[in-house]
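Scroll down for the structure; my scribbles are underneath it.
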Amino acid sequence: MMSKEGMLQQKVEDAKGLFKDRKVTICTIGLGRIGLPTAAMFAAAGANVIGVDINPEVVVNVNEGKSRFVDEPGLDKVIEEPVRLGKLRATTDFSSAIPKADFIIICVPTPVDHTKTPNYSAVISACSTVGKLIKPGSVVIIESTVGPGTVENLILPILESESGLRAGSEFGLASCPERSDPGNIVMNMKTVPRVIGAINQHCLDIVADLYETLLNIKVYKVNDPKTANAVKLTENLFRDVNIALANEFALVFEKLGIDSLEVIKACATKYNFMPHYPGVGVGGPCLPSNSYYLISEGVKAGHIPSLVRMAREINDRMPEHVVSLTSEALNEVGKTIRGSKIAILGVAYKPEIKDVQLTPMEPVCNGLARLGAVLDIYDPMFPGENVFGYTTRRSVAQAVNGADCIVMGTAHKEFLQLDLKLLAQLTESPAAFVDARNIISPKDALASGFSFRAVGRPSTSGSAQA
Ligand SMILES: NC(=O)c1ccc[n+]([C@@H]2O[C@H](COP(=O)([O-])OP(=O)(O)OC[C@H]3O[C@@H](n4cnc5c(N)ncnc54)[C@H](O)[C@@H]3O)[C@@H](O)[C@H]2O)c1
């Protein structure tokens, strides 16, 4: 930016003029699945972007114009050009980046720890460093997912005390929680409206104009950062709770001999029903942890969101159920988990995603191994690699060869068209099949000679509809 004053001191129209002329420098902190595309898209739009990450390998990779996220279509292309034009560069040196930036966008991880408590150590560390180095008038934007109130009560005081500047008049602060979906990040960042809340109206208007002008994206303004963070959490726990509901009725219907999939299909003929599906549980960096940010803030505020907590418990128990179904299916062909060779098809938490963070298939695999099974895992996103301590196979055939049971763990495209008769020939007959994702027709599985179990489907469902 050319003006002597900082970004926050600009009139909104003047700031917009600077954005239109691409006279803006942005520093993104954390160059991961969210931070890297954010940096690249602002740079591709013409801003000067400096990405900062604590991992030197990540920095080298970005400066070579490459994306390490092979499962994000289009990301390579978005990065390549701005790196070549010198619009995007990465560094591990915070002090070479933050003092130059008009906007500092925080995209560092915010996981939950083993006690399910939000771990904000990366945000605290990044914001402490930002506070020490920020120039007056710059604006800090928190894209990381945090609990409502964290920006106001944790991040703002850190920035003020480290910088000696006053929030609102001497530096700006806003929340713009990232709402993109892994596997569709580039497309989502171009199309899904951004929800923004800031500590005052002026800051809100400037940040909203930045995203609207540079990224050409719709912005939805909300009252304050905590409302923006509440929006992000509500979206994710809405899904978590609804998936838990589907899992809950699936467990009952299984016992009642009712096919949950048929129930859901029929329910969906009513105008106000939103289908959610039962399965092995939820995984990834967001859904299994985001509910705990709300639970944690609720506990502090004196109200425990019990439905949200219960939903987490239900979804977390589904892997155990899949292990039980495996035992039942093997028993039906006169075998036990102990001593059986079990082929696991898919461990990624989501189809076509190279990510096993908090995947529910990890507890399934560990549960089966603890009970004495020998596992052969295949996942097209991890061929011949190491996933949570297991070396994977390179093809379906390699994993299934000689198996007593097949467990379907992820609905990857490759698994949607399996030839079950051919698979049955590779197995150690008689063999079992457990579908933890409901992508296999029970009728076809039974016709191919497998004993069959699926989450939410009765054990005799093969005689009903496919
Ligand atoms: N991945 C998703 O699907 C998704 C979707 C929406 C929101 N989010 C949220 O976005 C945030 C970032 O998640 P992500 O998936 O991009 O994480 P990630 O693990 O893919 O990447 C995080 C990056 O930050 C770097 N980093 C860690 N601590 C740092 C620090 N103190 N300073 C600088 N760099 C640091 C890491 O080296 C890594 O490169 C999280 O709050 C997450 O909940 C993620």
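Every letter in the sequence shown is one number past the one before it in the numbering used here, and letter 74, counting from 1, is 263.
Beta carbons: idealized from backbone N, C-alpha and C, even for Gly.
Query	Result
Give me the residue from Phe639, Tyr400, Pro226 with the minimum Cα distance to Gly372.	Pro226
Measuring straight from C-alpha to C-alpha, what distance separates Asn418 and Gly336?	6 Å
Could I get the ranges of all uninterrupted beta strand (DSSP E) runs contained in the segment 238-285, with 3 residues as the minimum, in chain order?	277-280
Okay, do the segment 306-314 and the segment 439-459 touch, 3+ Cβ pairs below 8 Å being the bar?	no
How is Pro647 classed by DSSP in three states: helix, strand or coil?	coil
So, helix, strand or coil for Ser310, using DSSP?	helix
Can you tell me the Cα-Cα spacing of Gly195 and Ile406, whole angstroms?	24 Å
Output the distance between the C-alpha atoms of Leu483 and Ile628, rounded to the nearest integer angstrom.	33 Å
Whose C-beta lies closer than 6 Å to the C-beta of Asn590 among residues of the same chain, with five residues either side of it excluded?	Leu615
Going by Cα to Cα distance, which pick from Ile493, Leu362, Gly487 is closest to Ile293?	Leu362
Determine the burial state of Val430: buried for a count of at least 16 other Cβ atoms within 10 Å of its Cβ, exposed for fewer.	buried
Return yes when the C-beta of Pro477 is under 6 Å from any heavy atom of ligand 1, and no when it is not.	no
Please name the residue, chosen from Glu603, Val623, Val536, Ser284, that lies closest to Val511 on a Cα-to-Cα basis.	Val623
Could you tell me how far apart the beta carbons of Val471 and Arg626 are, in whole angstroms, since I believe they sit closer than 8 Å?	Val471 to Arg626, Cβ: 12 Å. No contact.
With contact counted as at least three CB pairs below 8 Å, one residue from each stretch, are the segment 277-289 and the segment 239-250 in contact?	yes
Provide the residue span of the beta strand (DSSP E) that contains Lys410, from first to last.	408-410
Bridge partners of Thr214, per DSSP?	Asn237
Among the residues of its own chain, which have a CB less than 8 Å from the CB of Gln654, if the five just before and after it don't count?	Note that Gln654 has pLDDT 40, beneath the 50 cutoff, so the model's placement of it is unreliable and no number is given.
Looking at the strands, I want to know which residues DSSP matches up with Leu597.	The displayed chain sequence assigns Met, not Leu, to residue 597. In the DSSP output, where bridge partners are listed per residue, Met597 has Leu534, Asp624.
Ignore the nearest five residues each way along the sequence and tell me which others in Lys205's own chain have a CB closer than 7 Å to its CB.	Asp398, Thr402
For Ala234, which residues in the same chain have their Cβ closer than 8 Å to its Cβ, ignoring the five residues on either side in sequence?	Arg211, Leu403, Leu404, Asn405
May I ask you to check if the CB of Ile628 is nearer than 6 Å to at least one heavy atom of ligand 1?	no
Would you decide whether Leu422 is buried or exposed? Buried here means 16 or more other CB atoms lie within 10 Å of its CB.	buried
Return yes when at least one heavy atom of ligand 1 lies under 6 Å from the C-beta of Glu486, else no.	no
What's the call for Met597, buried or exposed, on a 16-neighbour Cβ count within 10 Å?	buried
In this structure, does DSSP put Tyr481 in helix, strand or coil?	helix
Taking the continuous alpha helix (DSSP H) assigned at Ile323, which residues delimit it?	Ile323 -> no alpha helix (DSSP H), and no H or E assigned at all.
At a cut-off of 6 Å, would you count Thr548 as near ligand 1, judging by its Cβ distance to the nearest heavy atom?	no
Which runs of the beta strand (DSSP E), 3 residues or longer, sit entirely within the segment 351-411?	361-364, 383-387, 408-410
Could you tell me which of Ile533, Ala457, Glu367 sits nearest to Arg599, measuring between CA atoms?	Reading off the sequence, residue 599 comes out as Thr, not Arg. The option with the nearest alpha carbon to Thr599 is Ile533.
Note the first and the last residue of the continuous beta strand (DSSP E) segment covering Phe292.	292-295
Where does Asn656 fall in DSSP's three states?	Nothing can be reported for residue 656, as the shown portion of the chain is limited to 190 through 655.
Whose C-alpha, out of Ile542, Pro262, Leu557, Asn461, is nearest the C-alpha of Lys530?	Leu557
Would the beta-carbon of Glu367 be found less than 6 Å away from any heavy atom of ligand 1?	yes
What separation, rounded to the nearest whole angstrom, lies between the Cα atoms of Met191 and Ser327?	Caution applies to Met191, whose pLDDT of 45 falls short of 50 and renders its modelled position unreliable; the value that the coordinates give is listed next. Cα-Cα distance, rounded: 13 Å.
Regarding Thr227 and ligand 1, is the C-beta to nearest heavy atom distance less than 6 Å?	no
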